[in-house]
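For reference, the structure is listed below as structure tokens.
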Amino acid sequence: MSLTEQYVLDLYRAARRGEPAPPAPGRHDWRTLRELREHRDVRAAVAGRQGRRRGRHGRLTEALRAVRALREGLAALRRRSAVPVHELPDRCEEGADRGRDVVGRPFQCG
30 MSLTEQYVLD LYRAARRGEP APPAPGRHDW RTLRELREHR DVRAAVAGRQ GRRRGRHGRL
90 TEALRAVRAL REGLAALRRR SAVPVHELPD RCEEGADRGR DVVGRPFQCG
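In this text, residue positions in the sequence shown follow the numbering used here: the first is 30, and each later residue adds one.
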């Protein structure tokens, strides 16, 4: 049975019994999740374990910190290994080794 079918059935039962209608699905999802998280933390405390709390958006924050650290590390590597532009060989200078193309032939000055 789908969520919508269950909700319609609950509405029908409530109307037959003269009870107030149940809340629409999805209306209190965040509150329910928060209550479940608090319940899990209480059970962990009773069992002598530390509650698993990372704060709001914990996994996302951890991933962003890792990406930021990686980006800073790469930027530091680039700063250390950067060759000043005036020290690079001229692209059209004779005898300057500029590498090879896809086929393996040496690059030629255009």
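No residue lacks a Cβ here, since even glycine has one placed at the ideal position from N, Cα and C.
Proximity below 8 Å, CB of residue i to CB of residue j
i, j, result
"Pro51", "Leu38", "no"
Candidates the options: closest to residue i by CA position
i, options, result
"Thr33", "Glu48, Pro49, Pro54, Gly47", "Pro54"
Below-8 Å beta-carbon distance, residue i vs any chain B residue
i, result
"Arg109", "The structure shown contains no chain B; it holds only a single protein chain."
Buried/exposed call for residue i, threshold 16 Cβ in 10 Å
i, result
"Gly139", "Caution applies to Gly139, whose pLDDT of 49 falls short of 50 and renders its modelled position unreliable; the value that the coordinates give is listed next. Exposed."
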